[in-house]
Amino acid sequence: MNQFKIWQYSLIASVLFVGVIFALPNIFPSKPALQIALGNSSDEINSNLISDIEKRLNEEGILVGSLELEDNSLTIVLESVDDQLSSRRILSNFSDGDYIIALKSEPSTPKWLREIGAKPLNLGLDLAGGIHFLLEVDTARYSEERLSSEGASLVEEFTKQGIFSSYQSTGNTIDLSFNSETDADSAIKYVNENNFTTSGSKYNVTVDDTNIKLQYTDNYLSEIIDYAVEQNLVALRNRVNELGVSEPIVQREGKGRIVVELPGVQDSASAKKIIGKTANLEFRLEARNSDSFLRKEKFQYKNPLQGSAFLEKVIVLSGDNVTNAQSSFDENGRPQVNINLDIEGGRAMQKATTGNIGRRLGVILVEEKTKTFFDEENNVVQESFLEKSIISNATIQAVLGTSFRITGLTGPNEASELALLLRAGALAAPMKFVEEQTIGPTLGKENIDKGVTSIIIGFILVFIFMLLRYRLFGLSANFALICNLILVTSIMSAVGGTLTLPGIAGIVLTVGMAVDANVLIFARISEELKNNIEPQSAIKNGFSKAFSTIMDANITTLIVALILYAIGTGPIKGFAVTLSIGIVTSIFTAILVTRSLVNFIYGYRTVSDLKI
C-alpha cells in the first residue's frame, strides 16, 4: 500500500543529487579580493601595470594569492580582509588613472564544479557591501528640449514650403506665428497630417487667427518620458558593464527613477564620476549669414581660443543614433573618435550633407555639470545645468553616411572618455543623484553572520520540536527540511539569483512553512489512528487527505509572493524570490521526500502499532 516504485525513488534521489551538486559551491569559503576596472575601456591593463601592482603590494608586506586578468578587469586574490582593505588604500593612491577599485569575494569553487556551471550564490549589497545610488531623470527638461527642437524643425519645413513663420517654445508649448491666415491654414494642414503616433495624437492644436499653439498630449508626453527613462536605463546598464564591476544591479524604480547598486565598490566619488557623467552629441549645420536669429544659435568652442560660431537650431541627429565609437589618432597624430551610426542616423546624415558640400557641420558636445551655491537660508544647493560646446566644425567634403570621424578634441583622454560614453549609450535625458548609500564590507559580514545564525537557530528549534512531538515521523520531516534548504540554495545558485538580507528572512520563513505541511500530514495521520484506522491506511489517508489543504495554502502564499515581486523593488523583490522558490521546494520535500522516507520505513513491513 505505502510503497514507491524504484523509478519514483530514483527520480526523487536524482533531484536531490542535482540539488546537492549545485548547492555544493556555497560550502567552499570565498577569498577576499580586489577588482580593478578601468574607466576608459579603450585603455588596457598590461603586464607592466600588473607587475607594478604586485611589486607595490609586496613592498608593503601584503602577500598576493593570485592575479587574474579577464575582459580587461584585474582580480587580485588576497589572504585576509585586513590585507584587502590595506591593498585598496595603497592602490587608490598608486596611479592617477581613471579606474575604480571594488572589494569582492573570489569563489574557491573546484574546477570540476565550475565546468558544469555550478557557482555560489551572488550576495546582495547588504551582504557584500558596496554602493547604492538612486538617480532621478529630469523628464521635464527632456520634454522641453525635445519640443524646442521639434519647433525648429517645423519652422524649417514651413520655410521649404514657402511659409514664413517664427516660433517660441515655453515649457510643453510651441507658439507659432504666421504672416497671414493663409500661411496659418497651410501650416495647420501640415501639422494635422503629421500629428499621429502609435499612442494617438501628438499635439493638442489651438488656433487663434495667425497664431498656432501646439502642446503635447498627455499620452504622447507619457510615451516620450517612458522612452527617456528606458533609454537612460539601457545606457547606464551598458556603462556599468563597460566598467567590469561584478554582479551590478541597474533597475527602474517608479516613473522616473533608476537604482544603481555596485557590490564591493567603496569609492563613491570615482563611481559617481564614471556612472553619473552625461555626454551626448548634437550634429548641426553651420548657419548661413542670411539666416534670422530665430533659426540659429550661438555656441562657444570647447577650446576657448577658437571663439564661437552660429549653428542652425535644427538638430540633424544626436548621440542616440550612435552604434559604436572608438578613439584613435588621425594621420597627424591628433586624437579622434571614429563613429558608426544606425540606419536612421545614416539616412539623416546623408540627407543633411547632400547638397551641402562646402558648408560646415558642427559637432556639439553636450555635458551635464553641477554648480553649487547658497540659498537665502544659507543652505548648500546643487543645481545641474547643460553645457554645450563645439568640438568640431569641419567643412563637409563629401556626402556622409553611417561612418565618419570627429576631430578637434583636446587630448587622447577626452577622446577615450567620449568614445566610452557614446559606445555605452547616450543618456536621452539629464539625471541627478538624489540618494547615495555606502555599505562597508564589515557591516556586510555582520549581516551574513546574523542571517546564518538566524537560519541555524530556526533549524535547531524546529528539529528539536519535530523530534519530541512526532518521533520517527519528525526525523523524516527534519531530513526533508534539510533537503528543502539544499534545493532552495541550489536553484538560486543555478539561476544566478542574488541573496539579500530580506532573502535570508524568506528562507527562515520557508523553514516554518515547510514544517507546516508536515504538521498537517502528521496531524491527519493521528486523527485516522484515533478513528481506529489500521496504521498503513492511516498513513495513506493522512498524506492524501492533507494534500489539497497543503496545495491551497501554498498556492495562495505563492500568489502573494508573485505580487510582491511584480510591484516591489529592491529588498522586497529579494524576499519574494526566495519565498517563491521556497514554496515550490517545500511542496516537493514535504509531500514527496517525506512520503518516500515514511514509505521506506513502514511500507515494507507489517505495522501493528504506530506512535505519532
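Take 2 as the starting number for the sequence shown in this note's numbering and just add one per residue. Positions of the beta carbon are idealized from the N, C-alpha and C atoms, including for glycine.
Nearest in C-alpha terms to Ile91, of all of Asp53, Asp517 and Arg115, is Asp53. Only exposed fits Gln169, as fewer than 16 other CB atoms lie within 10 angstroms of its CB. Straight-line measurement puts the Cα of Ser167 at about 60 Å from the Cα of Ser581. Sequence-distant Cβ neighbours of Ser106 in its own chain, meaning closer than 6 Å and more than five residues away, are Ser31.
One thing to note: Leu68 has its Cβ no nearer than 7 Å to the Cβ of Ile440. The C-alpha of Ser269 lies about 19 Å from the C-alpha of Ser74. Taking a cut-off of 8 Å for Cβ pairs, the region 455-466 and the region 540-559 do not touch, as fewer than three such pairs fall below it. Per DSSP, the beta bridge partners of Tyr168 are Leu177. Taking a cut-off of 8 Å on C-beta distances, the region 587-606 touches the region 511-519, as three or more cross pairs fall below it. Judged by DSSP secondary structure, Gln216 falls within the beta strand (DSSP E) whose first and last residues are Asn212 to Tyr217. For Leu611, the three-state secondary structure derived from DSSP is coil. Only exposed fits Pro305, as fewer than 16 other CB atoms lie within 10 angstroms of its CB. By the neighbour-count definition (other C-beta atoms within 10 Å, threshold 16), Ser291 is an exposed residue. Short of 6 Å from the beta carbon of Leu366, and not among the five residues preceding or following it, lie these beta carbons of its own chain, in chain order: Ser390 and Ile392. In the three-state reduction of the DSSP assignment, Phe294 falls in the coil class. For Leu366, the beta-bridge partners assigned by DSSP are Leu282 and Ser390. Counting the other Cβ atoms within 10 Å of the Cβ of Lys112 gives fewer than 16, which makes it exposed.
Annotation: Ile259 is outside any alpha helix (DSSP H); the continuous beta strand (DSSP E) that includes it extends over Arg258 to Pro264.
Exposure of Gln438 is indicated by the presence of fewer than 16 other C-beta atoms within 10 angstroms of its C-beta. Taking C-alpha positions only, Asn193 is separated from Ser202 by approximately 9 Å. Of the candidates Glu388, Ala349 and Gln398, the residue whose Cα lies closest to the Cα of Arg360 is Gln398.
Along the region 529-575, the alpha helix (DSSP H) occurs as fully enclosed runs of 4 or more residues at 536-568, listed in sequence order. When the beta-carbon positions are compared, Thr586 and Val489 come within less than 7 Å of each other. The three-state reading of DSSP puts Pro33 in strand, counting E and B together. Per DSSP, the unbroken beta strand (DSSP E) holding Asn205 starts and ends at Tyr204 to Asp209. Pro111 carries a coil assignment under DSSP once its states are collapsed to helix, strand and coil. Under the criterion of beta carbons closer than 8 Å, Gly507 and Thr454 do not qualify as touching, at roughly 16 Å.
Judged by pairs of C-beta atoms under 8 Å, the region 293-305 does not touch the region 323-333, as fewer than three such pairs exist. Judged by their CB atoms, Gly356 and Asn394 are not nearer to each other than the 7 Å cut-off.
Residue pairing from DSSP places Lys105 in a beta bridge opposite Ala34. Cβ neighbours of Asp84 within its own chain (closer than 8 Å, five residues either side excluded): Pro33, Ile63 and Leu64.
Distance from Ser491 to Gly20 at the Cβ level is roughly 4 Å; contact confirmed, criterion being Cβ atoms closer than 8 Å. The beta carbons of Arg89 and Ile102 sit about 5 Å from each other, so the pair counts as a contact at 8 Å. One thing to note: Leu387 has its Cβ no nearer than 7 Å to the Cβ of Gly346.
Leu482 sits in a helix when the DSSP states are folded into three classes. DSSP lists Phe300 as the bridge partner or partners of Ala310.
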